[in-house]
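Worksheet for the structure shown next.
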Amino acid sequence: MSEKAGLIYKTTREIRGPLLVVEDVKGAAYNELVEIKLSDGTEMIGNVLDTFSDRAIVQVFGRTEGLELGVSVRFTGELIQIPLSDDLIGRVFDGSLRPLDHMPDPLGAERREIFGSVINPAAREPPSEFIQTGVSTIDGMNSLVRGQKLPFFSEAGLSHNIAAAQVARQATVLGKEEDFAVVFCAMGIKHEEYEFFRREFEKTGALERCVMVLNLADDPIIERIVAPRIAQTIAEYLAFDLEMHILTILTDMTNYGEALRSISVAKEEVPTRKGYPGYLYTDLATIYERAGKVKGRKGSVTLMPILTMPGGDITHPIPDLSGYITEGQLIFDRDLSFRGIYPPVNVLPSLSRLMKDGIGSGKTREDHSEVSNQLYMSYAEGVKARGLVRIIGEVGLSERERKYLHFAEEFENRFVNQGVYENRNLERTLGIAWDLLSLLPEDDLIRVREEYTKKYHPNYVKS
Amino acid sequence: MSSTQGRIKRINGSLVVAEGLSDAKIGDVIHIGSLKLIGEVVRIAGKDVSIQCYEDTSGIRPGEPIFTTELPLVAELGPGLMGGIFDGLEFSETEIWNLVGPFMKRGVKVNPLNRKKKWDFTPKVKKGDKVIGGDIIGSVQETSVIEHRILIPPTIGGKIFDIKKGDYTITDNIATVQMSNGKKKDITMMQVWPVRIPRPYKSRIPSTEPLITGQRVVDSFFPIAKGGAAAIPGGFGTGKTVTLHQLAKWSEAQIIIYIGCGERGNEMADVVTHFPTLKDPRTGKQLIERSIFIANVSNLPVSAREASIYMGVTMGEYFRDQGYDVAIMADSTSRWAEALRDISGRLEEIPAERGYPAYLAERIAEFYERGGTVITLGSKQRVGSITIMGAVSPPGGDFSEPVTSISLRFVGTLWALDTNLAFRRHFPAINWLMSFSRYTDLLVDYWSKFDPDWLKFRDRALALLEEASKIEETARIIGEKALPDEQRLVLLISEMIREGFLVQNAYHEVDAFCEAEKQAKILRLFIEFYEMINPLIKAGVPIDKIREFSSIVEIMRLKERKGLEWIDKAKEKAESEVDELAKQYEILS
């Protein structure tokens, strides 16, 4: 952070959670960066949340233990900024961009505020480049495109981290070799989860193409507010200034939301659902919406936030509001996981809103969209039949229902299920899809137009 | 003593409190701090004036000056609106992009409408003619499909003293009116109107025409009348936005105003990038030539969202007053309500349900009531309409939450989106058991043109769908196989209606838009097919024999085929298959 400018106050009158009420402050700027120094020499940063003619309320990003009324609070006169350069790539930082890799502090000619600026909607380029992840449930049925934000909605203990690492490892744009980097931001995850990502990235050499911003489970909660914004500021810089293609992984957004809630509670704001503040939607949007593409610039920020749904409840405010901002979601399912299916993606509630723009003739394959729709519909039928079996047994099913039941089983075992290191190309994924659809009566394939059936259905394809 | 300048006392997010503005009025537009950020007065308490700031207040300090413009937030109305992309305060986002690059900057101000462009103005009245507010005095061909009619502002009336044909900018005088008190008023093509005040009209009239949208489930089952209001609630992933896009692309309205209010940037980019490439199926012209976009995405300051809805409606009223049918899509009204909640919370008002202010219902009602079919001001009889379609994003998909439940009280049509349908990729995911339309009876005349028995067939189809859902409940317990064949037939027909009628592929060249006549004919065929089969089943023909009919797939694929002749062909085929089966089972028809 910058050299010592600004006035130092020792007039803190109240400490409430992570909030300090500092008095006799003349005209602190809203959102201004504040540096706090404890008597034992510990330094922390904070920002101004509410400012009056004669006092300011400051939120502290750091441990609140040891805070006392006598702390020295320096108002720096500027907003929170970070230095930017391509030297950040390959580095590991904490949630306030202090190095964790025993290397010097980051430098950069360019300094930017971490709260960012909004991409002008008129200047946004609609994402349309298909990213092949090698994972059938994503490529085939929830295709990811460059500049999209596609979160993983998971539950504690499921394999979302393994899948995220697999995507980061395998993601390519068909027929293109381009400058690519991963920005990884951890919020409140466990050390072993972080170690997993580090090992995975190290093994494949991806670590050198990675910027890590870490706020682990035992780091100060409040730092989680700045960590993702630092990560996205770096991502934006690499993408739109240096024209690189960036994949940002934010994990775990549920921990972020809880940090936001605890500040809101300390501020005594009117809570809405489950104690979360009313501005949770907008706040999440200011992180998520920094993904995308900009007209006239080459780079892109693709965003993959990971969140664990408390109790598997998708209507919980964090997944619910995330779902309203992101362009789809991949749902990880405990049931599939128990049955040994990896990745345990339940495709029915999963969705990629931007899929249509990235697939089809000239991009992937002409039948891609309709095959995907047919899989959705047929699998939904199969799941319905499975529900019936639980009540009346398989003998009670009609022949048609039995076919769908079989289809659902095969779909999960052959299409959804794949190896952690299995990289399926799109042809392979669609090939499996058609093999599965051929288990059903041809007349039932109503979502696919006839000409595609004639062209791709195994009954017509001479191998 | 009045003063137009004051000082900031406090800043809390978008709320700025200032003192020293003695003559401030609620709604006055304020310029805040050295950056001159834009805000609006929302509360006055003694010397303190609370201002809702429409831009990010980071870096602003207590002590900085503020200035009042002494004017309310207005919309600039005139040629140049069509095809524009505006933010909630009507700043042209294209202009801002040209000025400061692809990232938004604070305090940037641009003119909403182009002041330099010249438009070819053709007068429609002449010197000496008497005019009153709302009269058309001339026009400009704004795009190849929209004739922009220049109106006398509502408060002006008298005799035309001067009027000129020629190329003018929107701020040039094109006419002068001599008022009855002798004063002369210059008329420009641009006028301004405060966005929070509805524009006046002569009277409201009931709507009797449907707004055809080309979407079968909407037009045939849950239609909306021109001048009506519809709410479209649904959890995330149920296809609210895609459905609204479809309605914006294909509805028969002459003018489309699309308000992206607190929604995704990429989706807004998709709309503004792809609309210009789409052609109107009726005029063959580009859709962009009759569309206006307000793009207030979710990460823009929340307070400007609140203004964006009023901005869009005011533009709509302006074109309504010219005699056009306007459709307004607002995506999403929930984000707008959240903006109300945000500012209410910062004002420390006592919250009602779920933190929303107590006046939420009032505001929602006011918004929907700005729609309607009216006889406009002016000496000649002219009718215009505004149809409002508002998306609602209920948290957790819970329709009992305040914004959804209040919206339902003030709309005539509900398109309830269903998560389970979306899971099966049944789009549009409009649930036929939860949705309603209060306009159906008004629209019978229109549909009788295509089929005198339209209402009967529509009601029959809905009844079959409802019956099927009850049978499905039973089937879920005992299995479909255990059901009597009559009931299995109902299931078959309902599946045919669902897949062959209700499901509509937005990305299929033919299916994306279905004209009214085709809708009426296909719908009739489903019911006729049911009535053909029913006697066979009653006579003991097993349902599995019926399922083998190749005409079933034919009928279900009619939606993808261009032209109406296929419908008769499919019917003939079905009839011959029925006859054959009847012969086989020796049933006399």
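Protein chains in written order, with our numbering: chain W, 1 to 463; chain G, 1001 to 1589. For each residue, glycine too, the CB sits at the ideal point set by N, CA and C. In this text, all values refer to a predicted model and were calculated from it rather than measured experimentally.
Three-state secondary structure (DSSP) of residue i
i	result
E1466/G	helix
P1072/G	strand
I1543/G	helix
V1272/G	helix
N1098/G	helix
Y276/W	coil
L1035/G	coil
K403/W	helix
P441/W	coil
F115/W	coil
S2/W	Reliability fails at S2/W, whose pLDDT of 39 lies under 50, so the model's placement of it is uncertain and the value that follows must be treated cautiously. Coil.
R424/W	coil
E451/W	helix
I306/W	strand
K1025/G	coil
F1103/G	strand
R16/W	strand
V345/W	strand
R414/W	helix
P1194/G	strand
M1001/G	Interpretation of M1001/G is limited by its pLDDT of 43, a score under 50 that renders its predicted location unreliable; no figure is taken from the coordinates.
D44/W	Per the sequence shown, residue 44/W should be read as Met rather than Asp. Strand.
A206/W	helix
T364/W	coil
L1417/G	strand
E125/W	coil
H1508/G	coil
DSSP bridge partner residues for residue i (one or two, in chain order)
i	result
H245/W	F180/W, S300/W
W1432/G	Its beta-bridge partners do not exist; DSSP assigns none.
C1514/G	Note: C1514/G sits in no beta bridge, so no partner.
P1123/G	G1138/G
G1390/G	A1231/G, A1330/G
L216/W	I189/W
A1225/G	P1210/G
F130/W	V145/W
P352/W	Note on residue identity: the sequence assigns Ser, not Pro, to residue 352/W. BP columns for S352/W point to G328/W.
Q194/W	Per the sequence shown, residue 194/W should be read as Tyr rather than Gln. Per DSSP, none; premise fails for Y194/W.
N1296/G	C1261/G
I1163/G	A1175/G
Contacting residues, own chain, Cβ-Cβ under 7 angstroms from residue i (five flanking each side not counted)
i	result
E1070/G	T1004, D1028
L1408/G	A1231, L1414
H406/W	L439
D1056/G	R1106, P1301
G1239/G	L1417, A1422, F1427, P1428, A1429
Close-in-space but distant-in-sequence residues of the same chain around residue i (CB under 6 angstroms, 5 per side omitted)
i	result
M1/W	Confidence at M1/W is low in this model, with a pLDDT of 37, below 50, so its placement is unreliable and no value can be given for it.
D333/W	P344, N346
Beta-carbon separation (whole angstroms), residue i vs residue j, contact threshold 8 angstroms
i	j	result
E289/W	N1299/G	4 angstroms
A380/W	F1423/G	6 angstroms
D54/W	V21/W	At roughly 11 angstroms, the Cβ-Cβ gap does not stay under 8 angstroms, so D54/W and V21/W are not in contact.
I1288/G	I1328/G	Actually they do not touch by this definition, with Cβ atoms about 17 angstroms apart.
I1152/G	G1134/G	6 angstroms
Neighbourhood of residue i by C-beta distance below 8 angstroms, restricted to the same chain and skipping five residues each side
i	result
M1556/G	M1496, E1499, G1500
K1521/G	F1450, D1451, L1564, I1567
E422/W	G134
Cβ-heavy atom distance, residue i to the ligand GTP, below 6 angstroms
i	result
I1174/G	Absence of the ligand GTP is noted for the structure shown, with no ligands found whatsoever.
Chain B residues whose Cβ lies nearer than 9 angstroms to that of residue i
i	result
I1060/G	Included in the structure are the protein chains W and G, with no chain B among them.
Taking beta-carbon pairs under 7 angstroms, can you tell me which members of the region 1329 to 1340 of chain G lie near chain W? E1338
Using a Cβ-Cβ cut-off of less than 7 angstroms, list which residues of the region 1076 to 1105 of chain G approach chain W; keep chain order. I1085, E1093, T1094, I1096, W1097, P1102, F1103, M1104, K1105
Short-range partners of chain W found in the region 1294 to 1327 of chain G, where Cβ spacing is below 7 angstroms: A1295, V1297, S1298, N1299, L1300, V1302
Short-range partners of chain G found in the region 356 to 367 of chain W, where Cβ spacing is below 8 angstroms: K356, D357
Could you please tell me which residues of the region 1350 to 1380 of chain G, in chain order, have their CB closer than 8 angstroms to any CB of chain W? P1351, R1354, G1355
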